[in-house]
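Engineer: Positions 163 to 373 (this note's numbering) are the ones given, in order, by the sequence shown.
Note that beta-carbon positions come from the ideal geometry of N, C-alpha and C, so glycine has one too.
Keep in mind the model is a prediction, meaning the values are calculated, not measured.
Here's a structure for you.
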Amino acid sequence: MSSPERIVYIVDDDARVRRSLANLLASFDIPTRAFPSALEYLNCELPDLLSCLILDINLPGLSGLALQQRLVSQQHPPIIFLTGHGDVPSSVQAMKAGAVDFLPKPFHKDQLLRAIDEAFQRHAESRVIHAELADLNARYGRLTPREREVLALIVAGRLNKQAAAELGISEITCQVHRGQIMRKMSAESLADLVRMASKLQIPLPKRLGSS
């Protein structure tokens with residue numbers, strides 16, 4: 163778990179808790195950065211590191227659960243809730259929203275360290291997926307508007323002849339576009355292209371014959 167490329171963020175309004183967590187994690191060579199409120203965390207520019215967020219629920223201004231909801235649409239570190247005011251509804255809400263764990267204060271050291279390990283693993287996997295999607299979006303961005311139209315049709319199951327007829331172009335022109343699409347997307351096969359389109363959530367036309 164000791165790596166300079168990892169960090170644990172702590173958001174808790176109790177200075178004693180922040181110090182206790184920082185000291186504990188420092189003994190395991192895990193760097194930390196602490197914030198007394200959710201707003202201070204949100205307003206801080208964070209480095210692109212493997213990380214997790216230890217978050218209290220009852221915070222001044224913006225609560226821990228409210229911060230979790232605000233972060234849902236962002237690429238954010240996995241969250242471990244650590245609170246002396248936890249209840250079943252709050253824990254269920256937190257876990258449904260993707261929290262790694264919901265631990266009561268006073269926390270058990272081994273349980274917290276296991277949760278941090280899991281959070282780091284989740285974040286590593288999330289970062290890989292995010293990087294792959296960013297790369298796919300960059301490739302898709304290199305396609306011309308016509309190539310995007312052809313792509314949508316062929317991954318929806320159209321033959322070259324059918325796609326050409328729907329677009330009002332010749333079959334040879336459609337084949338040329340298809341070759342360009344395969345090259346620009348670095349797709350090795352049609353199945354590979356279909357998987358890429360699915361990850362990109364490209365809207366597809368209805369299959370021929372469907373109502």
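What distance in whole Å lies between the Cβ atoms of L265 and F243, which are believed to be in contact at a cut-off of 8 angstroms?
Structural biologist: For the purposes of this step, residue 243 is taken as residue 81 along the sequence shown, with counting starting at 1. For the purposes of this step, residue 265 is taken as residue 103 along the sequence shown, with counting starting at 1. Between L265 and F243 the Cβ distance is about 7 angstroms, and since that is below 8 angstroms, they are a contact.
Engineer: Closer than 8 angstroms by C-beta to A359: which residues in its own chain qualify, once you throw out the five before and the five after it? Chain order, please.
Structural biologist: The residue you call residue 359 lines up with position 197 of the sequence shown. Cβ within range, chain order: L313, A314, V317 and L366.
Engineer: If we ignore side chains and look at the alpha-carbon of each, how far apart do L186 and L229 end up?
Structural biologist: By 1-based counting over the sequence shown, the position of residue 186 is 24. By 1-based counting over the sequence shown, the position of residue 229 is 67. About 25 angstroms.
Engineer: Do you know how far the Cα of R195 is from the Cα of V170?
Structural biologist: Here residue 170 refers to the residue found at position 8 when the sequence shown is read from its first residue. Here residue 195 refers to the residue found at position 33 when the sequence shown is read from its first residue. In a straight line, the C-alpha of V170 is about 7 angstroms away from that of R195.
Engineer: Return the chain-ordered ranges of every alpha helix (DSSP H) run that is complete within the region 287-334 and spans a minimum of 4 residues.
Structural biologist: Correct list: 307-317 and 322-329.
Engineer: Can a CB atom of chain B be found closer than 8 angstroms to the CB of E202?
Structural biologist: Considering every chain present, this structure includes no chain B. It has just one protein chain.
Engineer: Give the secondary structure of L366 by DSSP, where H, G and I count as helix, E and B as strand, and everything else as coil.
Structural biologist: Indexing the sequence shown from 1 puts residue 366 at position 204. Correct three-state label for L366: coil.
Engineer: Which residue marks the beginning of the beta strand (DSSP E) containing A228, and which one marks its end?
Structural biologist: As a working mapping, residue 228 is identified with position 66 in the sequence shown. First-last for A228: G226 to L233, but that is the alpha helix (DSSP H), not the beta strand (DSSP E).
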